[in-house]
């Protein structure tokens, strides 16, 4: 057995079942054929890209230039810790 076949045989895969309308299925099948990939590969790629976008938006904050400047100014001008806070 070659390395690729061994890797595929030992890689755990999960299954996702979907219920979609015939119209959406036909659209996906056409798009996958146009892209020259299987329906599974097409759906996996699209879902993975969308998941990355959603998580990126949820986990990252984008500031406008004005807000970024205000943020850095606030960081640069922080008060020194008070003695009670330093002792804690």
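In my numbering, the protein residues as written are 62 to 149.
Just so you know, even glycine gets a beta-carbon here, dropped at the ideal spot from N, CA and C.
Model, not experiment: these values are computed from the prediction.
Go ahead and pull the three-state DSSP assignment for residue i.
i	result
residue 137	helix
residue 144	helix
residue 71	helix
residue 121	coil
residue 101	helix
residue 79	coil
Assuming the contact rule is C-beta atoms closer than 8 angstroms, residue i and residue j should be a hit. Round their C-beta distance to whole Å, please.
i	j	result
residue 121	residue 132	That pair is no contact at about 14 angstroms.
residue 104	residue 89	7 angstroms
From residue i to residue j, what distance separates their C-alpha atoms?
i	j	result
residue 95	residue 135	52 angstroms
residue 82	residue 71	34 angstroms
Taking the Cβ atom as the reference point for each residue, do residue i and residue j lie within a distance shorter than 9 angstroms?
i	j	result
residue 102	residue 92	no
residue 106	residue 115	no
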